[in-house]
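Count along the sequence shown from 1, add 1, and you get the number used in this note's numbering. In this text, a Cβ means the ideal position worked out from N, Cα and C, and glycines have one as well. Beneath this line is the structure, given in structure tokens, with notes to follow.
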Amino acid sequence: MSAPNIVWFKRDLRVRDHEPLQRAAAMGSVLPLYVIEVELWRQKDMSARHWQWLRARLQTLDQELRERGAALTILRGDIIEIFHKLHAELGIKAVYGHEEIGNSWTYARDRRVAAWLRQRGIPWEQSSQDGVQRGLKDRDRWQAQRDRFMRLQIAEAPATLCGIQPPLGSIPTTQLPSAEDLDLDEPLLEQHIPVATPAAAHAQLQQFIREKQQHYLAGMSSPRTAFRTCSRLSPYLALGIYSTRQSVQELAAAQRLRSSRGLSALQARLAWRGHFMQKFEDEPRIEHENLQRALDGLRESEFDRTRFDAWSCGETGFPLVDACMRSLQATGWLNFRMRAMLVSFSSYALWLHWREPALHLARLFLDYEPGIHYPQVQMQAGTTGINALRIYNVTKQAQELDPEGTFLRQWLPELAALPAPWIQQPWLLPRETARRYNVELDRDYPSPIVSLAVATRQARTRIYAARRASAAREEAEQILQRHGSRKRNRLPRSKPEETKQLSLF
């Protein structure tokens, strides 16, 4: 038996528009491989719901590969040790896969893998995903290059694969473990788990093209309407069940048939998705460090665990904040504006350094994508140095985005009896009204954890003072040159203003 070509699946769990699978199939026998890396699942940004979603997809991916003649081999352990055993038992002709824009752990792992393969003369052929370029030196031409990448012909799924039939020598394959088996003890999602197939992703996109796009721009900002009007593609894109290129080309085809602002808006947000992933690829340290180092020490030493716990549990006393957090805990999804609001509130009103809130949200997001998550968190926390501060008035947001209190009642049952406007600001309830509705602050629902006006005013003063320092201004210019959108050519003024931001569908 000749040595197989290994297709190492990571966050590219599909058979169509999968260049590595197509190339490996053309070179002979193929061993599709997924490795459950126990150490990866011990990282602080990983959670039981991530495994729940991934596990569902591994099962359907195996079916799709078996239909073509090659089962998905699932092994558990350290990737280097597994490659060593496979090479000893079968030989490895080459390894094929996509470049992964993951967390710092996966980056370090890939460097170890590259060294191990290089020492043994085994080729590692990696393809780009999402138009993100490794080792990019100049962002000026990135957008044009990304657009060309998205126009490339989609690689069709191989009709047949010459698979390696088990057993793999003496190497035992692995049954898919439960989250508990991986020591992931957080609650699983009881509902709202999407169907883990490319067909389901395609159906979601087609529903957006047929129906949702008409209401997208009007409904995407409110948590009350966003669940129905957004595309909900993000979990599929995060695991690579459906490729960005497939989505872009389908939207472009629909746009040619009928021009639509909703279709254009989703295309733009897919482009911004790539922009932020490229930013993270270029500067992976922002998973752990402020992008603008001049702001180091501004919040870190003042981290208040009591405030963080209240925020993370949805018990801050601000209804929109708490309803959004509880909704996210239950569903694994939240629209972008409310994600931004949660980070902004934790960063300014609660004056929490962004790292712990970022990890908490990462564990909750079913569509967690490190390349989007950390640049966006830092943007909302005000630590990029190049974006205007977005300090949300969460009471005003509640009144504007959920004027009748529909969303608030759904996720805050202890306040469900209250009519608007009291449900948006229950701390203003007159005693008679409180008795009438049998709602009592600090018995049924907490009082506000901070004075919003005072806390945000102090935060604004402190962060603008830090950003006005000459060293901070110089550093911000360098950051803008390296990472800023090429549509912009100057730093934002000190006065907060609207900034173009990514929507997570």
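Which same chain residues end up closer than 7 Å to residue i when comparing Cβ atoms and leaving out the 5 residues on each side of it in sequence?
i, result
"Glu20", "Ser128, Ala156"
"Arg113", "Ile81"
To the nearest whole angstrom, what separates the beta carbons of residue i and residue j, a pair I think is in contact under 8 Å?
i, j, result
"Gly372", "Phe277", "6 Å"
"Asp46", "Ser235", "No, Asp46 and Ser235 are not in contact; Cβ-Cβ is about 16 Å, not under 8 Å."
"Pro33", "Leu59", "11 Å between Cβ atoms; not a contact."
"Gly241", "Leu14", "5 Å"
"Ser1", "Leu190", "Look at the range of the chain in this structure, 2 to 506, and you will see that residue 1 is not part of it."
"Thr175", "Leu73", "About 11 Å; that fails the 8 Å criterion."
"His216", "Thr230", "5 Å"
"Arg50", "Gly333", "6 Å"
Going by the beta-carbon positions, is the gap between residue i and residue j smaller than 8 Å?
i, j, result
"Ile80", "Val36", "yes"
"Arg87", "Leu169", "According to the sequence as given, residue 87 is Leu; it is not Arg. Closer than 8 Å, so yes."
"Ala269", "Asn336", "no"
"His484", "Asp283", "yes"
"Ile165", "Trp54", "no"
"Ala295", "Ala467", "yes"
"Gly132", "Gln154", "no"
"Leu439", "Ala454", "With the sequence shown as reference, residue 439 is identified as Asn, and Leu is not the correct amino acid for it. It is not a contact, given that the beta carbons lie outside the stated cut-off."
"Trp428", "Leu442", "yes"
"Glu126", "Ala158", "no"
"Phe408", "Arg225", "yes"
"Asp151", "Arg246", "Reading off the sequence shown, one finds Met at residue 151, where the question assumed Asp. Going by C-beta atoms, Met151 is nearer than 8 Å to Arg246."
Whole angstroms is fine: what's the gap from residue i's alpha carbon to residue j's?
i, j, result
"Pro449", "Arg474", "35 Å"
"Trp106", "Gln44", "8 Å"
"Gln207", "Leu252", "9 Å"
"Ala160", "Asp18", "13 Å"
"Asp182", "Pro285", "30 Å"
"Gln205", "Thr462", "44 Å"
"Cys163", "Leu413", "55 Å"
"Ile532", "Gly78", "Past the edges of the chain, shown from 2 to 506, lies residue 532, and the structure says nothing about it."
"Ile480", "Ala109", "24 Å"
"Glu101", "Asp445", "46 Å"
"Ala324", "Pro420", "16 Å"
"Glu478", "Ile387", "8 Å"
"Val344", "Trp355", "8 Å"
"Lys496", "Arg391", "For Lys496, the predicted structure reports a pLDDT of 41, less than 50, and the residue's modelled location is therefore unreliable. A value from the coordinates is still provided. Near 10 Å, if we compare the C-alpha coordinates of Arg391 and Lys496."
"Ser504", "Ala89", "Unreliable positioning characterises Ser504 in this predicted model, as indicated by a pLDDT of 34, which lies under 50. The coordinate reading is nonetheless provided below. Each residue's alpha carbon lies about 47 Å from the other."
"Ala115", "Tyr97", "12 Å"
"Phe366", "Ser3", "43 Å"
"Pro447", "Glu357", "23 Å"
"Ala219", "Pro404", "15 Å"
"Gln459", "Ala350", "9 Å"
Just to confirm my understanding: we take residue i, look at its own chain, exclude 5 residues before and 5 after, and list those with CB closer than 6 Å. What are they?
i, result
"Asn291", "Asp297, Thr384"
"Leu321", "Val395, Gln398, Ala399"
"Arg338", "Ser222"
"Glu316", "Pro447"
Between which two residues does the alpha helix (DSSP H) containing residue i stretch?
i, result
"Thr230", "224-230"
"Val509", "Any question about residue 509 goes unanswered here, given that the chain covers just 2 to 506."
Can you find the residues in the same chain that come closer than 8 Å, C-beta to C-beta, to residue i, ignoring five residues on each side of it along the sequence?
i, result
"Leu353", "Arg300, Phe304, Asp305, Arg308, Phe309, Trp312, Ser347"
"Gly29", "Ser3, Pro5, Asn6, Lys94, Cys163"
Following the continuous beta strand (DSSP E) through residue i, name the residue where it begins and the one where it ends.
i, result
"Tyr97", "95-99"
"Arg110", "Here Arg110 belongs to no beta strand (DSSP E); instead the alpha helix (DSSP H) covers 105-120."
"Glu126", "125-128"
"Arg77", "74-77"
"Tyr35", "31-37"
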